[in-house]
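A short write-up of the structure that comes next.
Residue numbers (our numbering): 1 to 475.
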């Protein structure tokens with residue numbers, strides 16, 4: 001029972017039923033799923049939008065509705081830290097004492113006020129109406145009072161008030177202005193090697209909405225076929241990449257529906273291409289993807305292997321993720337095999353493979369454009385949790401390749417603890433391996449650093465922050 005039934009109504013002012021706004025209700029539901037179930041927005045939102053498109057009547061979504069709902073969800077999650085600082089300055093209690101559903105509504109309202117072109121009066125009234133629908137009249141009054149305070153300044157005005165001066169505390173200033181946890185700012189700054197301009201550009205790039213990038217799987221589709229789609233342009237670096245500049249719905253593209261093409265960040269494509277093109281001594285017949293789930297890199301590798309008469313073994317520890325890999329590889333023109341196996345205790349014999357990719361589990365902080373909520377879930381101690389597994393998987397990969405074969409160690413994280421620290425440790429433990437300069441394997445890609453490893457960046461390359469180190473086994 002809502003709290004409206006417990007309050008006496010004022011004479012001459014009949015109760016007005018709140019007006020339901022399907023777009024904002026859906027955005028609120030998505031944020032609650034992210035908060036309550038630790039779900040990822042990129043997994044929660046598509047089925048909600050699909051269901052809304054299939055409805056009949058006034059609640060049925062069109063393209064503009066879907067675009068607004070997507071912007072509300074992702075924009076709120078990306079700028080959550082900034083909005084928390086603003087809202088905290090407008091309430092009379094610590095944020096931890098504000099009910100999470102109320103805070104989600106306030107964050108949605110703050111984003112509309114500070115991060116979109118929605119007029120102030122419309123942003124406030126629409127958010128208060130949402131609060132009446134999902135929270136009740138009593139808490140809607142609280143939302144109204146807070147948002148009217150938020151509306152007193154624009155984003156720049158609020159940042160001057162809530163962010164400490166850069167000269168006093170550079171990391172905390174950047175954390176508030178660019179909406180990243182302080183420890184993430186510090187770790188990314190270390191990976192970049194210092195300098196204010198670079199870290200500001202990177203943090204800003206993390207908050208930009210990424211383009212949808214497709215991959216044409218060799219032997220099954222071509223980039224030219226995908227370029228025939230509306231608003232499609234070539235990728236920047238990968239010959240198999242096509243970008244959808246206006247968002248677009250990949251599922252509406254025939255090649256994607258048939259599995260001949262897929263959605264894949266260009267950074268992931270470059271990692272697979274570099275491994276496939278690395279110089280090799282001896283035969284080139286057996287390839288391994290040792291951490292294959294959910295299957296994007298495996299599908300590209302399998303297609304490349306098929307063109308050369310090689311076979312790919314795709315191994316994934318979790319059974320349900322192995323099923324996703326099998327789905328991604330279905331229809332591959334050449335032979336392949338998918339198994340569910342632990343990459344640290346593999347069922348294959350040492351020295352079996354010519355090429356091995358190990359894309360290890362990591363914090364995922366290189367993909368914050370796509371999974372903005374990950375920045376708020378990760379903790380510094382997570383690095384210690386991943387470290388033993390990353391080293392064990394790389395060691396097994398080096399043991400699994402034959403003498404003269406190559407191993408690619410990849411992460412979707414630029415943090416030094418997950419990249420160069422792991423590589424340095426394994427070179428000490430595994431003396432029969434040498435690093436290969438990976439930079440020549442990505443011709444035309446600029447700003448690859450001093451090598452021999454590769455670090456891609458959103459602000460420099462328009463990709464996720466993928467890392468790759470290539471090894472050759474020497475004995």
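Positions of the beta carbon are idealized from the N, C-alpha and C atoms, including for glycine.
Remember, it's a predicted structure, so these values are computed and weren't measured experimentally.
Query, Result
"Run of the beta strand (DSSP E) containing residue 216, from where it starts to where it stops", "212-216"
"Presumed contact (8 Å Cβ cut-off) between residue 214 and residue 242, rounded CB distance", "5 Å"
"Outcome for residue 298 when other beta-carbon atoms lying within 10 angstroms are tallied against a minimum of 16", "buried"
"Proximity winner among 273, 172, 162 and 188, relative to residue 500 (alpha-carbon distances)", "Because the chain here runs from 1 to 475, residue 500 falls outside it and cannot be looked at."
"Supposed contact pair residue 127 and residue 147 - C-beta distance, whole angstroms, cut 8 Å", "6 Å"
"Coarse secondary structure for residue 234, derived from DSSP in three states", "strand"
"Residue 454 versus residue 448 - alpha carbon distance", "6 Å"
"Rounded straight-line distance, which links the Cα of residue 133 to that of residue 224", "48 Å"
"Residue 80 to residue 374 span [Cα, whole Å]", "12 Å"
"Residues bridged to residue 357 [DSSP beta-bridge criterion]", "289 and 408"
"Whole beta strand (DSSP E) elements within the stretch 114-155, 3-residue minimum", "none"
"Whether residue 395 touches residue 464 by CB criterion (9 Å)", "no"
"Neighbourhood of residue 325 by C-beta, 7 Å cutoff - its chain only, sequence neighbours within 5 removed", "292, 293, 294, 295, 298, 314, 316 and 338"
"Span separating the alpha-carbon of residue 441 from that of residue 278", "7 Å"
"Same chain only: Cβ atoms within 6 Å of residue 312, ignoring 5 sequence neighbours per side", "287, 301, 302, 305 and 336"
"Whether residue 389 touches residue 361 by CB criterion (9 Å)", "yes"
"Simplified DSSP state of residue 314, which is helix, strand or coil", "strand"
"Assigned secondary structure, residue 455 (DSSP; H/G/I helix, E/B strand, else coil)", "strand"
"Residue 339 in three-state terms, based on DSSP", "strand"
"Inter-residue spacing [alpha-carbon to alpha-carbon] between residue 258 and residue 250", "11 Å"
"Secondary structure, alpha helix (DSSP H): runs of 4+ residues fully inside the stretch 46-101", "63-78 and 80-88"
"Given 8 Å, three or more beta-carbon pairs between the stretch 403-410 and the stretch 65-73", "no"
"Opposing strand residues paired with residue 471 [DSSP bridges]", "407 and 435"
"Limits of the unbroken beta strand (DSSP E) element including residue 262", "261-263"
"Between the CA atoms of residue 460 and residue 239 - distance to the nearest angstrom", "19 Å"
"9 Å Cβ cutoff met for residue 310 and residue 354", "yes"
"C-beta neighbour in chain D for residue 121, strict 9 Å", "Of the chains in the structure shown, none is chain D; there is only one protein chain."
"Span separating the alpha-carbon of residue 190 from that of residue 424", "17 Å"
"Touching by the beta-carbon criterion (3+ pairs, under 8 Å), the stretch 418-432 and the stretch 262-280", "no"
"Cβ-based neighbour list, residue 321, same chain, cut-off 7 Å, excluding 5 preceding and 5 following", "293 and 294"
"Alpha-carbon spacing of residue 84 relative to residue 473, whole angstroms", "50 Å"
"Paired residues, beta bridge with residue 243 - DSSP", "213 and 233"
"Residue 318 vs residue 340 beta-carbon contact at 9 Å", "yes"
"Cα-Cα separation, residue 393 to residue 418", "12 Å"
"Cutoff 6 Å; reference residue 282; Cβ partners in own chain excluding five residues on either side", "404"
"Buried or exposed (CB count within 10 angstroms, at least 16 for buried), residue 246", "exposed"
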